[in-house]
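Asks:
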Amino acid sequence: MASAGVEAPFKRIRKINLRFRIPYYTQWGENLVVCGSDPAVGGWDVNKAVRMVPYHQGDILYWHATLTVAHDFSCNYNYFLVDEQRNVLKQESGKRQTFTLPQSLPDGASVDVYDLWLDGSAPSSLLSKSAFQKAIFHQDENKENHDDLKATIQQDDFLVETFNMQDSVLVRFMLCCPKMESGKIAFLTGSASALGNWNFKESVRLSYCADAYWKADCIIKKDEFPIRYKYFIKEKSSKTIPEIGADRELSWDSTPRRSATMIFQSDGSFREMPWRGAGVAIPVFALRSNDDIGVGEYLDLKLLVDLSVKSGFHLIQLLPVNDTSVNGMWWDSYPYSSLSVFALHPLYLRLQALSQKIPKEIKQEIEKARECFNLKEVDYDGTMATKLAIAKKVFYLEKDEVLSSDAFQMFFQENEAWLKPYAAFCFLRDFFETSDHSQWGRFSKFSKEKLEKLVSKESDHYNTIAFHFYLQFHLHLQLSEAAEYARRKNVVLKGDLPIGVDRSSVDTWVYPNLFRMNTSTGAPPDYFDKNGQNWGFPTYNWEEMSKDNYAWWQSRLTQMGKYFTAYRIDHILGFFRIWELPEHAVTGLIGKFRPSIPLSQEELEKEGIWDFYRLSQPYIVDHILQDKFGSIWADVASNYLNKNQYQRYEFKEQYNTEKKILAEIKTKEETPEELQKAEQLRKGLFHLLHEIVLISDPEDPRKFYPRFNIEETTSFIELDDQSKNVLKRLYYDYYFHRQEKLWRQNALKTLPALLNSSDMLACGEDLGLIPACVHPVMQELGLIGLRIQRMPSEPDLEFGIPANYPYMTVCAPSCHDCSTLRAWWEEDEGRRIRFFRNVLGYSEAPPAKCDPKVALAIIQQHVEAPSIWAIFPLQDILALKEEYSKRPAAEETINDPTNPKHYWRFRVHVNLEILQADENFQTIIRDLIKSSGRSYPTEKMGDVQSNRDESDNSVEEANLMEGARGNGYASLNFIDGQKTHQVSHKEGVIF
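Here it is, written out as structure tokens:
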């Protein structure tokens, strides 16, 4: 027994009873667990996570779990929905939940944590992305203004030590305010005496914590429960903004037969009208300015930012900007076929910004090039060659100074993991005159040892290597300058993440194990192409990628996050399943989904299907040849086919794939007639190859996949009725039912790795054949979808209805993969009439051209839609003014998805400087956006206009709580507020 006055040798650990509680409705066989960073909650191992127990309180199903922890307990955690075997069915999205115990809690105290499920689409998750925090709300600066509030955090323990635990509970209210601007403060009032009994003057001021979270500690008497309360925000001007909706309610939960000492009440986000904004979409190469050379450049984005601010746009959406220099010709204009997913494209370099010491003769050369390439469309080959030649001259003048600078050394250290392989690849590509690294002899297989020798400063070719370092350094500086400028002006720069990489790329050379090089990526037949699309990219080896938790993808997103605050995931369906084609395919028709559950031979045999040779080989008989080729059918059969024992034809070995046929059919005399005959022959032979019902798995001959649109084949039509019924049923099961669970699981493995590797706002291009699992997963993960009016997601509609679009969508009248608004209007008279009558609501005949009135009506529909973003191609915006609508509409199309060798060369016909000076044009757009209730940037840096007019939001203190309860969407009416001033410019417009 210790003697009196002798201090104990050890400090005793106080034990705290901690309970997690969350409302969540589950199905039979589903359970919730809480799992986190501390071993007490599983150490992020779901198998060791704390299992929760359900109970009802009124109509709400709660799950709770109790554990005993030390007084200094702190952890990050999340909730997981699991089955009986602890397989994860669903998990929270967005940032981790965090919890830290106050230090002054007594031994044996009970603490309840009342949480809400973190959904990726909730405002607390959505508005915490860098698009909002670093650009639109520009919170990096605003956080500094909360320093005076942070001091109150040190007072956490005071209330813990002073309140009476017998008749009171200490409640910590937690609120996320991602839109909180500098000078605004959050307050809390309610029915409890500690909350002022609804007296505004005695309301509780919240203190700022971190990451947009605010808190208030209040001692609530037990006999005052349940309490009702509400948050509001007070501005510098003393005006108050109450949150909308019903009062919040907190009950003292004594169901588990215990009395809580303290309650942590997570209240999610401040409830207000959903934030909505507008943006403009345009590829960098399509921009035109007074200073660029032949193509838009990264620094032109600063002009576009200024135009966006004046016009009310909060976002600029671009196409991919990575280097695509694979072929050394205009084929490289295709921006989705990356040479490197990390390197920036030299095409967008501004030569004038390379140095302040450019000699006069080089300046003259630059000016001559600027005048020479000021063309209607991009001359890709000429522009690239000229820019690289001039840049190399500047490089040799200043290479020693630049490469030894601190700025370059920092850039090199941060990027050498991809920069060295990229520079080496470019050197070897030029040396061997091909990007096909399988043709590089001993360099065909990448190794770090060979790489270090290639990039060594002692090598004879080091200047060539260093030139690529130099280019990437300056491209980084220029894009970074534009990106930072956009953030300061409250404008989001939205990048594009291509679904694939070129098979002759740096990435397939360095990481061949991550790709299935004997396959090709594409899309099944859809709105764009009845034969499907074949993009030529190798598909991903997801199994191999998962071994390092998708590190390659995480690196890509980290690199993008240096420049962009939002990004578009190209063909997001590929993360659920990809349309995989054999490497020898040319079209996209004869493919299969990967992953997918095939039709097994045993399954088919049980259904009475047994003639697999007949079903999986091209079905070619005399009458098909006669119908397809007419009088020359016998010659076609003799030249390309052999007749087998079943009196059917087979392709000769040298012609049995699309690529073999394409290589064979060449004409020596390229007259129009000969070219037309060759194309007809190619299409006919391709059609014969497509006459199959089942596709045999090349890796397992006992597995089969139904050919897309099997009912359109003669092979299917000429089967007996029983076989047709069986195959039709199995077809619909394969494409629309049996894969759903598998595809959902696949997406939930791959997509979170991307989303968690950066804080950029993520949008997914979800057009095409959409599995049922896609939209629920996107909603769960907080991914914003895409709605194009002419491509409705509802199968029974010809045109989408913007007023019915979900909030978590980007709405647009067109995109880069289809014709522009003006061109679409002119393509089909019958469709134009139906749209004019049924969608716009006019009874008279529509104009033959999409005049500014029609364009305004369509754009107005989109800005008034509930979608979080309305993003318009710049070409569609230019249609609002007659002066900018004189160019033939068909010339404004960026891409033709049906043409795999399309030349991406569109350029806007009017200079950005002209548009910047046109106040009338800007006012038309800005008034549309303002009247729709969407947020818009002000020209004052860092100052953002709210969704609604301040006079609508503000209420006097006396009637605060009568303000915004139960508010919903107000009707949105267009107000024509065009200014009378009109600017007329002629120079700088190219028709």
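Going by our numbering, the first residue of the sequence shown is number 234, and it counts up by one from there. Each residue gets a CB set at the ideal place from its N, CA and C atoms; glycine is no exception.
#1: Please determine if the stretch 364 to 371 and the stretch 517 to 527 are in contact, where contact requires at least 3 C-beta pairs separated by less than 8 Å.
#2: Here's the rule I'm using: 16 or more other beta-carbon atoms within 10 Å means buried, otherwise exposed. How should Met1174 be labelled?
#3: Give a yes or no on whether the C-beta atoms belonging to Gly327 and Trp1102 are separated by under 8 Å.
#4: Beta-carbon separation of Asp500 and Met413 under 8 Å?
#5: Check for me: the alpha helix (DSSP H) holding Lys1163 runs from which residue to which?
#6: Compare the C-alpha of Thr697 against each of Lys632, Glu886, Glu907 and name the closest.
#7: What residues in its chain sit with their C-beta under 7 Å from that of Lys722, if we drop five residues either side in the sequence?
#8: When burial is assigned at 16 or more other CB atoms within 10 Å of the CB, is Val286 buried or exposed?
#9: Is Lys454 near the ligand GTP, in the sense that its beta carbon is under 7 Å from a heavy atom of that ligand?
#10: What does a CB cutoff of less than 6 Å around Asn872 pick up in its chain, not counting 5 residues either side in sequence?
#11: Beta carbon of Leu1016, beta carbon of Ala986: below 8 Å?
#12: Please classify Ile1092: does DSSP put it in a helix, a strand, or coil?
#13: Let me check one thing: in DSSP terms, what residues is His289 bridge-paired to?
#14: Three or more beta-carbon pairs under 8 Å between the stretch 1113 to 1120 and the stretch 493 to 508, yes or no?
#15: Considering only their Cβ atoms, is the gap separating Asp305 from Arg334 smaller than 8 Å?
#16: With a threshold of 16 other CB atoms inside 10 Å of the CB of His804, please say whether the residue is buried or exposed.
#17: Give the DSSP-derived three-state secondary structure of Asp381 in the structure shown.
#18: Given a cut-off of 8 Å on the beta-carbon distance, is the pair Leu960 and Pro757 in contact?
#19: Taking the beta carbon of Trp976 as the centre, do at least 16 other beta carbons fall within 10 Å, making it buried, or is it exposed?
#20: My assumption, with CB atoms under 8 Å, is that Leu708 sits in contact with Tyr531. Please give the rounded CB distance.
#21: Mind pulling the alpha helix (DSSP H) runs of 4 or more residues that sit fully within the stretch 737 to 770?
#22: Distance check for Arg319 and Ala273, CA to CA, integer angstroms please.
#23: For Lys323, count neighbouring C-beta atoms within 10 Å of its own C-beta (all shown protein chains included) and say buried if the count is 16 or more, exposed if not.
#24: Quick check on Arg801: does DSSP put it in helix, strand or coil?
#25: Have a look at the DSSP bridge pairing and note the partners of Gln498.
#26: Give the DSSP-derived three-state secondary structure of Arg461 in the structure shown.
#27: Check each candidate in Arg1055, Phe497, Glu897, Met562 and name the one with the smallest Cα separation from Ser668.
#28: Work out the CA separation of Phe1105 and Lys726 for me, nearest whole Å.
#29: Just the Cα atoms here: how many angstroms apart are Leu621 and Phe700?
#30: Exposed or buried, Phe658, counting other C-beta atoms within 10 Å across all chains shown (16 or more means buried)?
#31: With a Cβ-Cβ cutoff of 8 Å, do Glu945 and Pro851 count as a contact?
#32: Under three-state DSSP, which class holds Lys323?
#33: Please state whether DSSP places Gln978 in a helix, a strand or coil.
#34: Taking the straight line between their C-alpha atoms, what separation do you get for Phe497 and Lys362?
#35: For a quick check, are the C-beta atoms of Gln1108 and Thr1053 less than 8 Å apart?
#36: In whole angstroms, what separates the C-alpha of Asp759 from that of Gly765?
Replies: In this structure, then:
#1: At 8 Å Cβ cutoff, the stretches do not touch.
#2: Here residue 1174 corresponds to residue number 941 of the sequence shown, with the count starting at 1. Unreliable placement is indicated for Met1174, whose pLDDT of 43 sits below 50; the coordinate value is still reported in the next sentence. Around the beta-carbon of Met1174, fewer than 16 other beta-carbon atoms lie within 10 Å, marking it exposed.
#3: As a first step, residue 327 must be located in the sequence shown, where it is residue number 94. As a first step, residue 1102 must be located in the sequence shown, where it is residue number 869. For Gly327 and Trp1102, no; Cβs fall outside 8 Å.
#4: By one-based count along the sequence shown, residue 500 stands at place 267. By one-based count along the sequence shown, residue 413 stands at place 180. Contact flag unset, no.
#5: The count along the sequence shown starts at 1 and reaches residue 1163 at position 930. Segment 1152 to 1164, the alpha helix (DSSP H) holding Lys1163.
#6: Here residue 697 refers to the residue found at position 464 of the sequence shown. Of the candidates Lys632, Glu886, Glu907, the one whose C-alpha sits nearest the C-alpha of Thr697 is Lys632.
#7: Counting from one through the sequence shown, the residue named residue 722 turns up at place 489. Result list for Lys722: Val538, Val542, Pro1170, Met1174, in chain order.
#8: Translated into the one-based positions of the sequence shown, residue 286 becomes position 53. So Val286 ends up on the exposed side.
#9: The ligand GTP is not among the ligands present in this structure, which contains no ligands whatsoever.
#10: The count along the sequence shown starts at 1 and reaches residue 872 at position 639. So the list is empty, once near-sequence residues are dropped.
#11: As a working mapping, residue 1016 is identified with position 783 in the sequence shown. As a working mapping, residue 986 is identified with position 753 in the sequence shown. Cβ distance not < 8 Å, so Leu1016 and Ala986 don't count as in contact.
#12: Working through the sequence shown from its first residue, we reach residue 1092 at position 859. In this structure, Ile1092 counts as helix in the three-state DSSP scheme.
#13: Counting from 1 along the sequence shown, the entry for residue 289 is found at position 56. Answer by DSSP bridge pairing, in chain order: Leu294.
#14: no
#15: Numbered from 1 along the sequence shown, position 101 holds the residue referred to as residue 334. Numbered from 1 along the sequence shown, position 72 holds the residue referred to as residue 305. Rather than Arg, the amino acid found at residue 334 in this sequence is Leu. Yes, these two residues count as a Cβ contact at 8 Å.
#16: Here the question's residue 804 lines up with position 571 in the sequence shown. Its Cβ being crowded by 16 or more others within 10 Å, His804 is buried.
#17: In the sequence shown, the residue the question calls residue 381 occupies position 148. Bear in mind that the predicted position of Asp381 carries a pLDDT of just 42, short of 50, making it unreliable; the figure below should be weighed with that in mind. Residue state, collapsed to three classes: helix.
#18: Counting from one through the sequence shown, the residue named residue 960 turns up at place 727. Counting from one through the sequence shown, the residue named residue 757 turns up at place 524. Result no, Cβ atoms of Leu960 and Pro757 do not sit closer than 8 Å.
#19: Taking the first residue of the sequence shown as 1, we reach residue 976 at position 743. Classification of Trp976: buried, given that the 10 Å Cβ count is 16 or more.
#20: For the purposes of this step, residue 708 is taken as residue 475 along the sequence shown, with counting starting at 1. For the purposes of this step, residue 531 is taken as residue 298 along the sequence shown, with counting starting at 1. Rounded, the Cβ-Cβ distance is 7 Å, consistent with contact.
#21: 739 to 743
#22: Residue 273 sits at position 40 when you count from the first residue of the sequence shown. Residue 319 sits at position 86 when you count from the first residue of the sequence shown. When rounded, the distance between both Cα atoms is 17 Å.
#23: By one-based count along the sequence shown, residue 323 stands at place 90. Under this definition Lys323 is a buried residue.
#24: Within the sequence shown, the letter at position 568 stands for residue 801. In this structure, Arg801 counts as strand in the three-state DSSP scheme.
#25: Along the sequence shown, one-based indexing puts residue 498 at 265. Per DSSP, Tyr347, Phe406.
#26: Taking the sequence shown and counting its residues from 1, one reaches residue 461 at position 228. Strand at Arg461.
#27: On the sequence shown, residue 668 is found 435 positions in, with the first residue counted as 1. For Ser668, the nearest C-alpha among the options comes from Met562.
#28: Residue 726 sits at position 493 when you count from the first residue of the sequence shown. Residue 1105 sits at position 872 when you count from the first residue of the sequence shown. The question names Lys, but residue 726 in the sequence shown is Leu. The alpha-carbon atoms of Leu726 and Phe1105 are separated by roughly 14 Å.
#29: Counted from its first residue, the sequence shown places residue 621 at position 388. Counted from its first residue, the sequence shown places residue 700 at position 467. When the Cα atoms are used, Leu621 and Phe700 turn out to be separated by approximately 10 Å.
#30: Along the sequence shown, one-based indexing puts residue 658 at 425. Classification of Phe658: buried, given that the 10 Å Cβ count is 16 or more.
#31: Within the sequence shown, the letter at position 712 stands for residue 945. Within the sequence shown, the letter at position 618 stands for residue 851. Their beta carbons are not under 8 Å apart, which means Glu945 does not touch Pro851 by this criterion.
#32: The sequence position of residue 323 within the sequence shown is 90, counting from 1. Residue state, collapsed to three classes: strand.
#33: In the sequence shown, the residue the question calls residue 978 occupies position 745. Here Gln978 sits in helix by DSSP.
#34: For the purposes of this step, residue 497 is taken as residue 264 along the sequence shown, with counting starting at 1. For the purposes of this step, residue 362 is taken as residue 129 along the sequence shown, with counting starting at 1. Cα to Cα, the separation comes out at about 25 Å.
#35: Residue numbering aside, residue 1108 sits at position 875 when the sequence shown is read from its first letter. Residue numbering aside, residue 1053 sits at position 820 when the sequence shown is read from its first letter. Closer than 8 Å, so yes.
#36: By one-based count along the sequence shown, residue 759 stands at place 526. By one-based count along the sequence shown, residue 765 stands at place 532. The straight-line gap from Cα to Cα measures roughly 6 Å.
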